[in-house]
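Quick notes on the structure that follows.
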Ligand SMILES: Cc1cc2nc3c(=O)[nH]c(=O)nc-3n(C[C@H](O)[C@H](O)[C@H](O)COP(=O)(O)O)c2cc1C
Ligand code: SF4
Ligand code: FES
Ligand code: FES
């Protein structure tokens, strides 16, 4: 972890340490800032909040929301809640898996894409729904999955270019 | 307390009350010729309602008409499957609603409906106001049974009010019930009123709310504390009522929580909300900020001498944390594992303090019941299940969305009239209620009324309000497998009947759906289900077999067909 991130984690931990019932909140804040909960961050939280590291590990691994490893740059979340399931989310999962040649729950080798199934995201009216880095696609049909991947590949390419120039 | 300090507190309370009155009056005194509502709840929001609002605003602005038109981003309007939705209202004019509104349509609506309507009104309403055929084709008929057959109590303001506008909530009698309780009622009168209303918990169990409050009220403080907890974890993986209630009426939930707190003598409130609902969280946080700023939360509320604060904590993707004892463990910063009851949370809950847990929808009903009275509320619905219930009507519903109906309405009315049957044109085969804890109900039993008891009798349950319509092409074995897969995944693993039993049931189901099952497997499923129901520690394990048991009960032939193949 870089110094700047370390400070971020420490500030979050210090803030929540003052309030009871806030270990999960501190973890949320850290994941919100870093995208996942790295080991070093867990260590800092343990220190600042006076919680045994073992407890933090127990909590982080219990709650599926928390990630211990860095996710891909583009996270594709396919809703597999009941409404979306009935409206064909299994077909979407298969289509993304095929297009990216990875299994659901894993990332592409270059770390660009991560594929995951999630439970109801609250817009069942748009079933089946897919969320990519916060952008929602509704009433998605399997052939559209490849288009979505292309769209994001292009976006990432532009972003890289911006960084270089 | 020293007199000087007392005076200061009094003065502050008076100032805050005056500011609130002004907010309310300002809202009431602003008149607009046209009200333009855009649904900005989670479904329509994800469908692009922000762009719609921007486009409408741009066009209206370009005509310099912003002063005359009230733009209202609202909570869920109900027909989420046709969103984003836009509704146009003006006094003396029939309201119009547009469906599937995108950026372009929004511009056309503004330029060719809203602005001409404004000119027509300003010009003295000469002749009849009409719109183009193109626009008419994009309208939704407001006489649909979907709209006319509902009875909105909890959802009363959704679709009409801006959830982030405190003045509007106050103008709609918001916080009146709380003021009345604080100044004119004893805590036990509030408990009595809710008992008499017949309200039962909407989180699934259906426990009488007034009775739960009575237990909680009797429990003495521990270390000077007692808690009221709002369960907004909404774990059912295909339902979003609580998300929309919280996002569309955060002040309503807060007021309900405060009334509960006053009734039971709670010192702090906690809201445990799913982290996967950022929009609802954002609106809740806004509402809480407003309350703190205006002295609705904090010390000496409305000058009554009563203090109360609300804390928010997020869930982290564990279904079992919707169970009350697991929820409390989660806030305490532990893994969310349930524990044995008794002791019940109302006696010994979070950090050993008495804690009363209520669902979002339960709490959202409280201010309205207190405003209109128990006698009004208990006349709605069924003898043992009073009031209304909100459902998320999804799956193959033709008109899917968020609906609120009086208890006792038949499933047929909800499915066929309000839901309009299927979107595929295929016949309805069954509905699923109660999520992973519930079961399927075949179309042949749709004349049964929606009550806690009748749904239980049919092998399902009320649950929190997911109502999934399945058509003749949907496989019942598949749906059972889907739910079991979910509960096995979500089991906390603390007790073996749930951990091992669930896994074995799932393996057996997978074997059957692959065509490798034997008839003896059906008995095996039933035996495992029985053991899980009897021996599991918490509701998750006890009810997890329900989807399998109910599909076996009503659709055993679908299992045997797969086995015979
Ligand atoms: C596995 C499981 C999950 C639950 N999930 C929820 C939930 O998401 N929301 C909820 O309000 N209640 C849920 N409950 C019920 C709660 O334990 C509790 O009964 C309820 O919040 C009480 O509120 P009420 O009396 O207002 O219904 C769940 C129960 C179990 C066993
Ligand atoms: S029944 Fe299942 S979820 Fe409940 S305590 Fe036992 S293992 Fe955990
Ligand atoms: S089930 Fe997918 S959004 Fe609700
Ligand atoms: S979210 Fe817009 S109608 Fe429900």
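Chains as they are written, first to last, in my numbering: chain A, 47 to 211; chain B, 546 to 1110.
The beta carbon of each residue, even a glycine, is placed where N, CA and C say it ideally should be.
Nothing here was measured: the structure is a model prediction, and the numbers come from that model.
Taken atom to atom, the span from the alpha-carbon of residue 756 of chain B to that of residue 807 of chain B is near 15 angstroms. In this chain, the alpha helix (DSSP H) harbouring residue 1075 of chain B covers 1064-1080. Against chain A, the CB of residue 878 of chain B has a partner CB under 7 angstroms away; the residue lies at that interface. Of the heavy atoms belonging to ligand 4, at least one sits nearer than 6 angstroms to the Cβ of residue 588 of chain B. In the displayed model, residue 695 of chain B falls within coil according to three-state DSSP, outside both helix and strand.
Following the DSSP letters along the chain, one finds residue 633 of chain B inside the beta strand (DSSP E) bounded by residues 631-635.
Going by DSSP, residue 129 of chain A is part of the alpha helix (DSSP H) stretching over 128-132.
Close to chain A, meaning a Cβ-Cβ distance shorter than 8 angstroms, is no residue of the region 954-969 of chain B at all. By the rule that beta-carbons nearer than 7 angstroms mark a contact, residue 785 of chain B touches chain A. Per the coordinates, the alpha-carbon of residue 635 of chain B lies some 23 angstroms from the alpha-carbon of residue 794 of chain B.
Residue 1038 of chain B has its Cβ no nearer than 6 angstroms to any heavy atom of ligand 1. Not one heavy atom of ligand 4 falls within 6 angstroms of the beta-carbon of residue 1051 of chain B. Look at residue 837 of chain B here: in three-state DSSP terms it is helix. Straight-line measurement puts the Cα of residue 1030 of chain B at about 11 angstroms from the Cα of residue 1049 of chain B. In this structure, the C-beta of residue 1083 of chain B approaches ligand 2 to less than 6 angstroms from one of its heavy atoms. Secondary structure note for residue 179 of chain A: it is in no alpha helix (DSSP H), with a DSSP letter that is neither H nor E.
With at least 16 other beta carbons inside 10 angstroms of its own, residue 1099 of chain B counts as buried.
Not a single C-beta of chain A is nearer than 7 angstroms to the C-beta of residue 853 of chain B. CA-to-CA, the gap between residue 686 of chain B and residue 853 of chain B works out to about 45 angstroms. For residue 583 of chain B, the three-state secondary structure derived from DSSP is strand. Residue state for residue 977 of chain B is assigned as strand, using DSSP reduced to three classes. Assigned with DSSP and collapsed to three states, residue 752 of chain B falls in coil, not helix or strand.
Contact between residue 946 of chain B and residue 647 of chain B fails: their C-beta atoms lie close to 19 angstroms from each other, not under 8 angstroms. With a beta-carbon spacing of about 6 angstroms, residue 804 of chain B and residue 722 of chain B fall inside the 8 angstroms limit used to define contacts.
Contact between the region 699-708 of chain B and the region 779-795 of chain B is present: three or more C-beta pairs spanning the two stretches fall below 8 angstroms. With a cut-off of 6 angstroms, the C-beta of residue 703 of chain B is classified as distant from ligand 4, since no heavy atom of the ligand falls inside that distance. In the three-state reduction of the DSSP assignment, residue 916 of chain B falls in the helix class, which pools H, G and I. Boundaries of the alpha helix (DSSP H) around residue 802 of chain B: 795-809. Proximity of residue 103 of chain A to chain B, defined by a Cβ-Cβ separation below 7 angstroms, is not satisfied. Beta-bridge partners assigned by DSSP to residue 994 of chain B: B/955.
Around the Cβ of residue 869 of chain B, a 10 Å sphere holds 16 or more other Cβ atoms; the residue is buried. Annotation: the region 592-643 of chain B contains the following complete segments of the alpha helix (DSSP H) (minimum length 4 residues), in chain order: 594-607.
Residue 157 of chain A has its Cβ no nearer than 6 angstroms to any heavy atom of ligand 1. Annotation for residue 1027 of chain B: no beta strand (DSSP E) segment contains it, though the alpha helix (DSSP H) segment containing it runs 1021-1035.
When DSSP reads this structure, residue 776 of chain B sits in a beta bridge with B/817, B/904. In the three-state reduction of the DSSP assignment, residue 1090 of chain B falls in the coil class, being assigned neither a helical nor a strand state.
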